[in-house]
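Using my numbering, read the sequence shown as starting at 10 and increasing by one per residue. Idealized CB from N, CA, C, for every residue including glycine. A short write-up of the structure that comes next.
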Amino acid sequence: MLRIAIFGATSGIAEATARVFAGEGARFFLVARNAVALSDIAADLKVRGASEVLTRAADLGELDALQGICDEAKAGLGEIDVALIAHGVLPDQAACENSVEATRDVLAINTVSPALLMTRLGEILARQGAGSLIVLSSVAGDRGRPSNYVYGASKAALSALGEGMALKLAPQGVNVLVVKPGFVDTKMTADFSKGPLWASARDVGEVIAAAVKAGKRGTLYTPFWWRYIMLVIRFAPGALVRRM
């Protein structure tokens, strides 16, 4: 029975991942800002087979509270087998270009908050000598593009942090996995036109759950073929990338 802490538990990918583990009787500590949505997800997971679901309503943008919330998760679960960090926002690029404050807010919630959680959770798991730490990044962080470079930069920092932590913590029994989804159909992307490159949150959640069970560490592109798409984009000439 896995003990799983999820930060940003109301995100579509986090909820889909939790549903997979709920069917296997996992225990959960769920953190999100929306208490009503959090309660609904907790009830759903119990119906699906979760043995226990603890919840903590909190704004993960309140940076000074993050260490305490990690410690609450550890105390509530006893030990943390899996920690999933899934919160973030998809900003308006034009608004960020014209506002220092808007850019600051994006980096605070997309980068600083997850980074602080990763640091504390990495410490907790290393002390246990076991566990998996999963952080949701994005393929957008693989190369800066004019259409979303603030979002991409916020995710690139997480990728670098997670990749370094994976190498550092592996000898201590901790699997750190940076997940880089491509286009995913969630509430955050509800207004986007969908095409053949889009995946469902359910599909991505199942891939994450399978990777955790396999003890994977490092970087995971999902769907897998995004690794090859981004390889092309990383080496594409600037004149082409400017049009993306």
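- Boundaries of the beta strand (DSSP E) harbouring A14: R12 to F16, taken from the DSSP string.
- The region 183-208 contains, as complete beta strand (DSSP E) runs of 3+ residues, the segments 183-190 (chain order).
- With 16 or more other CB atoms across the displayed protein chains lying within 10 angstroms of its CB, V193 is buried.
- Pairing S122 with L69 gives a Cβ-Cβ distance under 8 Å.
- Around the C-beta of P190, 16 or more other C-beta atoms lie within 10 Å, and the residue is accordingly described as buried.
- Three or more Cβ pairs closer than 8 Å define a contact, and the region 142-161 meets that threshold against the region 239-252.
- Beta-bridge pairing by DSSP links L86 to no other residue.
- The shortest C-alpha to C-alpha distance from A139 to any of V185, L39 and C105 is the one to V185.
- The three-state secondary structure of T26, taken from DSSP, is helix.
- Nearest Cα to R12 within the set S168, A25 and L39: L39.
- Bounds of the alpha helix (DSSP H) holding S163 are Y158 to L178.
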